[in-house]
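Since the structure comes first, as structure tokens, the remarks are kept for the end.
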Amino acid sequence: MTDTVLISGAGPVGLVMALELARYGVPVRLVDRMAARAKTSRAVAVWPRTLELLERAGGGLSAELVSLGNPVTVANIFAGASEIARIELKEVVTPYPFVLMLPQSETERVLVRHLAERDVAAELGVELTGFEPDEAGVTATLRHADGREETGRYGALIACDGAHSPIRHRLGLSFEGNTLGNDWAQGDFHIEGVPFPPSEFATWWHEEGPAVLFPLGGTRYRLILGLGPSSGAVPPPPSFETFQAILDRRGPSGIRLVDTVWTTSFRINERQVNAYRAGRVFLAGDAAHVHSPAGGQGMNTGMQDAMNLAWKLALVLRGLSTSPLLLDSYDPERRAVGAEVIATAGRMTRLATLKNPLARHLRNTVMQFVLGLPMVQHALEGELTETATHYADSPLNGVSWQSGPRAGERMAPVEGEAPYGAGDMPRFALRVGAGVEAPPAGVAGPLVEAAPRPNPVEGGIELVRPDGYLALSVADGEWGPVAAYLAGL
Ligand SMILES: Cc1cc2nc3c(=O)[nH]c(=O)nc-3n(C[C@H](O)[C@H](O)[C@H](O)COP(=O)(O)OP(=O)(O)OC[C@H]3O[C@@H](n4cnc5c(N)ncnc54)[C@H](O)[C@@H]3O)c2cc1C
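In terms of UniProt numbering, the sequence shown is residues 1 to 489.
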């Protein structure tokens, strides 16, 4: 019997972690100290790579999310009346060529339901109060809402316990970074008079700070406002009238807030933990990284942490991998991605909050030119959609053949094929060119899908990880490196 994995925190990252492990046959316990789920929208952007990876869970998960959300394909940036950029998501090859606007509460609700179909329920009102890691696992203590305590043994502990992660503190890990010097407010409102369709969102750069408007579907919008330099405690969110007045100053005339769904104010932290793993304890999501909401990557990056770790942990806990390589690769792969996300979101935020008039003028001129370049638009598209996310320096990478994608790169889902890593076991997929002879015995086994998939475009042999990244590629007939790679896991 495989050891149970304990997941502390049933936010979006904990839910995805539980779903991935459960479908790969690993028993999980998912606990959260909250008494009830938050109903507020919080993170509203689900990017294509997240949808591609969630679809692997089956049950039409991503299609269901898409059916509930509002797909957005254009990002507009204005400064006053002049358009700085119009960035269209049109180049990226994905079944989901848009950013899906969906309140986090809805995303969580769908994940909870899909977990229930696998007989897993988050235990709310249950707090992790202590743990002792050792070589083989973790002994953890849980306190129930009625004060009852229990101590149990787990194969691993996953910290999906948010930005203030008690597990991170208990492990003594650092969470280096900065608190940025501006205050922000955001709110969801019903709005009338928005001068662009619901498939577009807009940012207005302004000397006081930016205003950003995301369409959540129907008349509901998310409005984010930079409030200027911080002093003292984070201020309460502005009144309805002040939100309207600020938007009037920064955006075009005629946009009318009708009523408020919810509002909040915040300060931006940019921080990353110095290690995503301590033995059999792993950190994922906000517990490992926090950053500016510019770009809306936080929840997505956290979910992708979970999807990176789950298949590796499942192979190890199910006894199908004995090499330390798999679990060792989690930290370098996801720490590099997290650092990149923090840096990009920080750059976008600093650019939008420039105070100096000369710097703002220069920014507007340069960005109008630079963001109009197809090459830049393409790069930005890849970064935002997280379809350009890759593991170029991963210790898991094998050789790369001379042509085609390099080891560590994303392999886009292929229409008509099951997603890589779908099903009840994390299996690598083989893609083989036309006329390649059947794989030898060393390439068969539980780690690999039974039947190779065709590789008509690139030719050669490609081995694709269960999370849809290229493990290695070799020329036709060169089965040796493939067999050696699998034997090394
Ligand atoms: C008000 C607000 C607005 C936001 N707006 C945006 C936005 O516009 N865009 C964006 O990208 N992101 C936004 N975020 C951030 C986004 O919500 C997070 O990135 C996302 O929720 C991270 O998910 P997570 O699962 O890592 O952590 P969380 O969602 O924080 O979940 C962590 C969970 O761990 C639980 N927990 C903690 N300690 C313990 C313990 N000892 N035992 C058991 N359970 C424990 C907590 O109760 C919590 O439910 C917002 C967040 C908030 C709070």
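Cβ coordinates follow ideal geometry from the N, Cα and C atoms, glycine included.
Rounded to whole angstroms, the Cβ separation of Arg49 and Glu383 is 11 angstroms, and the two are not in contact under 8 angstroms. Where His190 is concerned, the enclosing beta strand (DSSP E) starts and stops at 175-192. DSSP places Val110 in the uninterrupted alpha helix (DSSP H) bounded by 104-116. The Cβ atoms of Pro166 and Ala352 do not sit closer than 8 angstroms to each other.
Within 10 angstroms of the beta-carbon of Ala434 lie fewer than 16 other beta-carbons, which makes it exposed. For Val399, the secondary structure class from DSSP, reduced to helix, strand or coil, is coil. Sixteen is the threshold: since fewer than 16 other Cβ atoms of the shown chains lie within 10 Å of the Cβ of Asn274, the residue is exposed. Here Val74 really is in contact with Arg86; their C-beta atoms are around 6 angstroms apart, less than 8 angstroms. Counting other Cβ atoms within 10 Å of its Cβ, Ser62 reaches 16 or more and is therefore classed as buried. If you draw a 10 Å sphere on the C-beta of Gln304, you find 16 or more other C-beta atoms in it, and that means buried. In this chain, the alpha helix (DSSP H) harbouring Thr344 covers 325-352.
Asn182 and Ala284 have their alpha carbons spaced roughly 27 angstroms apart. Going by beta carbons, Val120 and Ala245 fall outside the 8 angstroms limit. When Arg168, Gly9, Gly254, Pro440 are compared, the shortest CA-CA separation from Tyr276 is found for Arg168. Not one heavy atom of ligand 1 is found less than 7 angstroms from the C-beta of Ser199. Remark: the shortest separation between the CB of Gln244 and any heavy atom of ligand 1 does not fall under 7 angstroms. If the five residues before and after Tyr24 are omitted, its C-beta is found closer than 7 angstroms to the C-beta atoms of Ala310, Trp311, Ala314, Asp424, Met425, Pro426, all from its own chain and listed in chain order. Between Phe189 and Asp259, the CB-CB gap stays under 8 angstroms. Under a 10 Å Cβ-count criterion, Leu54 is classified as buried, with 16 or more other Cβ atoms of the shown protein chains found around its own Cβ. In this structure, DSSP gives Ala310 a helical state, which the three-state scheme calls helix. Per DSSP, reduced to three states, the secondary structure at Ile224 is strand.
If the five residues before and after Gly295 are omitted, its C-beta is found closer than 7 angstroms to the C-beta atoms of Thr344, Ala345, Met348, Leu384, all from its own chain and listed in chain order. With a cutoff of 8 angstroms on beta-carbon distance, Gly302 and Arg56 are scored as not near each other. Between Tyr391 and the set Asp331, Met34, Asn300, Gln377, the nearest pair of CA atoms involves Asp331. Leu115 sits away from Pro12, with the two beta carbons spaced by 8 angstroms or more.
Exclusion of Gly218 from the 7 angstroms shell around ligand 1 follows from its C-beta lying no nearer than that to any non-hydrogen atom of the ligand.
Under a 10 Å Cβ-count criterion, Leu362 is classified as exposed, with fewer than 16 other Cβ atoms of the shown protein chains found around its own Cβ. Judged by DSSP in its simplified three-state form, Leu373 adopts coil rather than helix or strand. The beta carbon of Arg143 is closer than 6 angstroms to those of Glu127, Thr129, Glu149 in its chain, skipping five residues each way along the sequence.
Residue pairing by DSSP places His289 opposite Gln272 in a beta bridge.
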